[in-house]
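Below you'll find the structure, written out as C-alpha cells, and then a few comments.
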Ligand SMILES: [Cu+2]
C-alpha cells in the first residue's frame, strides 16, 4: 500500500510539478536563485508592508504579477526551459535568478 502511495505522489509531481515559494521581504526575493523544472509553480509571497511586483522579460516564460499588495500570494507556472531573471518593477534592485530545466 505504501509503495502505491509513494508511486502516486511521484506521478502527481511529474504531472503537476512542484511548488516553489519565493518570499518578497526586505525589498529582496528570498531566496535569490531558484532551480525549477518546466511545469513547476512558483508562488510569490509578499511579507513586506508595501507592494511588490514580479515580472520577467524572458519571452518563453513571460509573466507579470501586477501590483502585489502586502500578504497577497501570486502563483505562476514555469513554461519553458532556460535561465532568466525575475525583477520587481517597483524596486529595480530586486532580482531573482531562475534556472528552469
Ligand atoms: Cu518590490
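Numbering (the numbering used here), first residue to last: 122 to 222. Beta carbons are placed, not taken as given, at the ideal position from N, Cα and C, and that holds for glycine. None of these values were measured; they are calculated from a predicted model.
Item: Under the three-state DSSP convention, the category residue 180 falls into; Value: helix
Item: For residue 150: DSSP bridge partner residues; Value: 145
Item: Distance between residue 177 and residue 201 (C-alpha atoms, nearest Å); Value: 13 Å
Item: 6 Å Cβ shell around residue 151 - same chain, five flanking residues per side excluded; Value: 144
Item: Residue 141 beta carbon near ligand 1 (any heavy atom closer than 8 Å); Value: no
Item: Bridge partner(s) assigned by DSSP for residue 262; Value: Lying outside 122 to 222, the shown extent of the chain, residue 262 is not represented and no answer is given.
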